[in-house]
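Structure first, then comments.
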Ligand SMILES: [Zn+2]
Ligand SMILES: [Zn+2]
């Protein structure tokens, strides 16, 4: 059975970098093929990556409807037999979240190397899916979003608020993927560099992996407060302590004089990597998680990798299995990790430019767009 649809909806479109997004009216898809979904957007998170996209710092096609942290309700299904990624039946009105990336499943990265996040033909909603051709509605900054049949969709349980899912945003699944690649052991000492959304998510992953202690270096102060609320044993404010050597001394003191077993970079500035290698103990692991934008090179000394026998790892995006972990973590640990309380700014679709500005100025813990009021 395919639904017959009519009407149109409003979306915020980025037609040029560094220019205000404009509200544009697009028709709803007239018909959905089996497996396809139309979602009425409830909350669309604004990710730091959106700010980078808006500034033209990533090579993406335009025009674009941004928004890749979205929760909404199923408005129409192409087939009444549609199921979510875990095989649960979907119906009109169900609240869902979904993965951003759609790997092709056919290239060498998908099939041989099992690295779908590095798929050669990966499509990512709200990132590299231009909206000039039907079905147009391929990002979260709009009243409706279209989902292709191969999207990994997750039906949300009633005891998991949408605010928790969007409050954690893409940062939590990104961090879960990074920690999976790093294979942390329990009772290892962890330093997280950066107190933004990715840093906070990395802190949660570190604690779930049994970090002793979990240390966060970053700022500003309110973000570090969030980190302590989420269980950080120690926070180091880079504004109060601008000297990297002084910060290293604190980390050494807190880790038995040798440095941290694990250091996770969640800053996105090359200089943080230079500092991070110095914070690792010999034989330690260093995970670069925060460099989604290309912020340029840093002067690094490879001697450190050899002498310290460092393991340096990268991680890009996430896969559906990280979503299953994230959603269960959010559902069961809401008191311990109150991501739902991070949403500090809410904007209607017509104020999406204000929202992006607020995120760019670091004024928000988490900003969301409510395209349907
Ligand atoms: Zn993101
Ligand atoms: Zn592929």
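In my numbering, the protein residues as written are 7 to 379. All C-beta atoms, glycine included, are put in the ideal place defined by N, C-alpha and C. Here the structure is a predicted model, which is why all the values come from computation and not from measurement.
Check whether residue i and residue j have beta carbons under 8 angstroms apart
i: residue 221; j: residue 206; result: no
i: residue 304; j: residue 280; result: yes
i: residue 147; j: residue 358; result: yes
i: residue 171; j: residue 162; result: yes
i: residue 22; j: residue 96; result: no
i: residue 192; j: residue 322; result: no
i: residue 353; j: residue 366; result: no
i: residue 168; j: residue 261; result: no
i: residue 273; j: residue 52; result: no
i: residue 149; j: residue 16; result: yes
i: residue 153; j: residue 333; result: no
i: residue 50; j: residue 377; result: yes
i: residue 174; j: residue 326; result: no
i: residue 71; j: residue 356; result: no
Residue i - partner residues in DSSP beta bridges
i: residue 195; result: Partner(s): none; residue 195 has no beta bridge.
i: residue 70; result: 20
i: residue 32; result: 15
i: residue 365; result: Residue 365 pairs with nothing; no bridge assigned.
i: residue 151; result: 45
i: residue 354; result: 376
i: residue 59; result: Partner(s): none; residue 59 has no beta bridge.
i: residue 83; result: 43
Own chain residues within Cβ distance below 8 angstroms of residue i, not counting five before or after
i: residue 2; result: Lying outside 7 to 379, the shown extent of the chain, residue 2 is not represented and no answer is given.
i: residue 258; result: 264 and 265
i: residue 302; result: 276
i: residue 232; result: 201, 206, 348 and 371
i: residue 330; result: 91, 92 and 160
Closer than 8 angstroms to chain D by CB, residue i
i: residue 29; result: Reference to chain D is not applicable here, since this structure consists of a single protein chain.
Contacts around residue i, its chain only, beta-carbon distance under 6 angstroms, and the 5 residues preceding and following it disregarded
i: residue 39; result: 84
i: residue 380; result: Because residue 380 is not part of the residues shown, which for the chain are 7 to 379, the question remains open.
i: residue 188; result: 291, 293 and 319
i: residue 106; result: 74, 130 and 131
i: residue 363; result: none
i: residue 278; result: 199 and 271
Own chain residues within Cβ distance below 7 angstroms of residue i, not counting five before or after
i: residue 286; result: 265, 266, 269, 292, 314 and 316
i: residue 254; result: 284 and 285
i: residue 55; result: 298
i: residue 337; result: 163, 165 and 166
i: residue 204; result: 177, 180, 181, 272, 295 and 296
i: residue 345; result: 170, 173, 174 and 336
Runs of beta strand (DSSP E) wholly within the stretch 269-347 (minimum 3 residues, chain order)
286-294 and 317-320
Does the stretch 81-88 come into contact with the stretch 41-55, if we say contact requires no fewer than three beta-carbon pairs (one atom in each stretch) closer than 8 angstroms?
yes
Any beta strand (DSSP E) of 3 or more consecutive residues that is wholly inside the stretch 171-239
196-199 and 220-224
Report the residue ranges of all alpha helix (DSSP H) runs contained in full by the stretch 95-146; include only those spanning at least 4 residues, in chain order.
114-117
With three or more beta-carbon pairs closer than 8 angstroms as the criterion, would you say the stretch 91-106 touches the stretch 213-229?
no
Taking contact to mean at least 3 C-beta pairs separated by less than 8 angstroms, is the stretch 174-189 in contact with the stretch 108-117?
no
Are there three or more Cβ pairs, one per stretch, closer than 8 angstroms when the stretch 331-347 is compared with the stretch 14-30?
no
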